[in-house]
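There are 2 protein chains.
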Amino acid sequence: MDFQAFRNRVNISEEGLYREFFRKHRDKIKVKKEDVAIRNLKKIFEAALSLSNKKGFSAMSMRDLSAGAGLSMGALYSYFSSKDELLDMIQQQSERIVADVLIDQVEGIEDPRLKLKRAILTHLYLSEIMHPWFYFSYMEAKNLGKEVQKKAIELALFTEKIFFDIIEQGEQGRIFRDVNKELVSAVIKAMLQDWYLKRWKYEMRNISVEEYAAFVVDLVDSYLLS
Amino acid sequence: MDFQAFRNRVNISEEGLYREFFRKHRDKIKVKKEDVAIRNLKKIFEAALSLSNKKGFSAMSMRDLSAGAGLSMGALYSYFSSKDELLDMIQQQSERIVADVLIDQVEGIEDPRLKLKRAILTHLYLSEIMHPWFYFSYMEAKNLGKEVQKKAIELALFTEKIFFDIIEQGEQGRIFRDVNKELVSAVIKAMLQDWYLKRWKYEMRNISVEEYAAFVVDLVDSYLLS
DNA sequence: GTCTATATCTGGATAGAC
DNA sequence: GTCTATCCAGATATAGAC
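Chains Z and D, in that order, are what the protein sequence lines are.
So the first sequence is numbered by this note's numbering: it starts at 36 and just counts up by one.
So the second sequence is numbered by this note's numbering: it starts at 36 and just counts up by one.
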């Protein structure tokens with residue numbers, strides 16, 4: 036499965052993303068016309084991600100955001116009630132998509148080697164589509180509200196557990212050899228995260244996501260099979 | 036070489052670290068008594084690292100820092116002239132140590148396998164000793180001044196190149212097989228960074244730095260030799 | 001639904017007493 | 001060499017006109 040195939044497969048549309056968001060937060064959002072709200076939410080989130088990923092969320096002022104989104108300060112506050120709430124909102128929206136897609140894409144595969152490969156590809160391709168969101172989640176994790184932060188940690192451990200479970204399954208089926216599953220899944224996660232954390236580097240070196248994916252799969256495979 | 040052996044070997048003393056810093060920045064620092072300055076620099080840097088690693092450098096106010104370091108605002112500004120300068124200072128001090136130690140520890144080893152192992156252990160052990168500094172450098176990289184940031188990127192690429200060169204050497208000596216050296220060195224770096232970026236996780240799981248180190252060496256070795 | 005104008009406060013930075 | 005007191009720019013947030 037290459038990146039383009041994945042894109043078609045999961046079909047995350049921007050429209051849908053913000054529409055879902057709007058419906059989820061109808062109560063908090065003062066603007067009631069759905070299509071107006073969606074259009075502005077898109078502008079707000081895109082500007083917020085772009086600005087915070089450049090200089091950090093707390094260094095981004097609301098004036099910056101206002102200018103970046105092309106909305107007045109007053110208008111911004113019709114969509115959220117404080118800067119901190121905006122932070123949490125971005126995080127939560129990001130999480131919803133990750134959890135949905137990851138689980139959906141790996142279930143139903145029996146062969147552990149294929150399943151592991153699928154999980155790796157899914158994570159990489161998804162981070163490619165949602166790059167600003169993934170980067171934001173990683174870098175701003177420590178600024179999240181207590182509750183949201185707790186959820187974020189849980190999700191991080193959960194995605195790692197996906198790898199753990201696949202390796203365990205393969206081990207029981209005598210397909211993989213006996214390894215330290217905790218450590219293998221931890222470094223798989225680390226390698227997948229490196230892809231979106233240092234995108235500039237890989238871009239500079241003209242390494243495509245497919246190439247990187249193939250390499251990680253090969254590395255892990257060779258360790259588990261050797 | 037275990038962690039304790041490394042500690043004795045490199046012998047990075049806190050005293051020495053701040054003394055060297057003071058001498059390097061005599062011109063900028065208004066306080067002239069060396070031992071007074073060293074004592075306060077230690078308090079300032081420790082508080083600054085602790086606070087920024089908790090909530091981010093830009094979210095840390097100078098009043099926070101003043102309270103954390105046990106010095107008044109006025110006193111702080113005898114040691115640096117702006118908050119941004121402090122940021123750059125921390126980064127530069129961190130870099131100086133990393134570059135020195137890394138180069139020093141790997142040179143003179145001929146066998147590529149041993150050399151690679153040494154480089155991995157050195158990086159991990161050093162990050163263990165200098166944890167707050169490493170974490171800070173990673174997380175605050177985007178907030179650095181232009182010049183300092185450029186240097187930081189260079190150092191990052193340089194440390195990666197150390198791994199690249201060792202692998203190349205091993206390949207030419209027919210000890211390692213033919214692999215994508217760029218990618219192998221990139222993911223080695225990623226795994227080493229994960230150790231200090233997610234220390235809480237490894238601590239929680241009772242994984243020691245020696246254990247992690249042995250695992251990474253084993254994984255990389257098995258890929259290069261298979 | 002969006003804007004402008006403004007209230008209110010917090011941040012970095014410094015002057016001058018000690 | 002350090003502290004207190006203070007300045008003022010810039011921050012978040014809101015009220016009220018349109």
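Cβ coordinates follow ideal geometry from the N, Cα and C atoms, glycine included.
Here the stretch 108-125 of chain Z makes contact with the stretch 175-186 of chain Z; the two share three or more CB pairs at distances below 8 Å. Within chain D, the residues whose beta carbon sits less than 9 Å from that of K89(Z) are K177, listed in sequence order. Residue contact with chain Z for L218(D): present (Cβ-Cβ distance below 8 Å to some residue of chain Z). At least 8 Å separates the CB of N241(Z) from every CB of chain D. Close to M97(D), with beta-carbon spacing below 7 Å, lies no residue of chain Z; the smallest spacing is near 15 Å. By a beta-carbon distance limit of 8 Å, A154(Z) contacts F198(Z). Their separation comes to about 6 Å. L149(Z) and I223(Z) have their C-alpha atoms roughly 15 Å apart. Look at the beta carbons and you see the stretch 220-240 of chain Z touching the stretch 154-166 of chain Z: at least three pairs across the two are nearer than 8 Å.
Among the CB atoms of chain D, one or more fall inside 8 Å of the CB of Y258(Z). Secondary structure note for R74(D): its alpha helix (DSSP H) is the uninterrupted segment E69 to K90. Under the Cβ distance rule, A225(D) counts among the residues neighbouring chain Z, one pair being separated by less than 8 Å. Interface with chain D (8 Å Cβ-Cβ cutoff): F250(Z) is included. Residues of the same chain with a CB within less than 7 Å of the CB of F92(Z), apart from the 5 flanking positions on each side, are L122, E175 and N178 in chain order.
Between L76(Z) and F57(Z), the CB-CB gap stays under 8 Å.
Membership of S162(D) in the alpha helix (DSSP H) is indicated by the continuous run P147 to I164. The beta-carbon of D62(D) is placed no less than 8 Å from the nearest beta-carbon of chain Z. Look at A83(D): its C-beta is not under 8 Å from any C-beta on chain Z. Under a 10 Å Cβ-count criterion, F193(Z) is classified as exposed, with fewer than 16 other Cβ atoms of the shown protein chains found around its own Cβ. Contact annotation, S113(Z) with V66(Z): C-beta distance approximately 5 Å; criterion of less than 8 Å satisfied. For A94(D), the chain Z residues whose Cβ falls inside 8 Å of its Cβ are S93 and N178, in order along the chain. The Cβ atoms of K78(D) and L52(D) do not sit closer than 8 Å to each other.
Nearest Cα to E81(Z) within the set L259(Z), F171(Z), I201(Z) and A94(Z): F171(Z). Taking all protein chains in view, the Cβ of L260(D) is surrounded by fewer than 16 other Cβ atoms within 10 Å, so the residue is classified as exposed.
For the options E55(Z), L86(Z), A40(Z) and Q140(Z), the alpha carbon positioned closest to that of A72(Z) is the one of E55(Z). Pairing L190(D) with V141(D) gives a Cβ-Cβ distance that is not under 8 Å.
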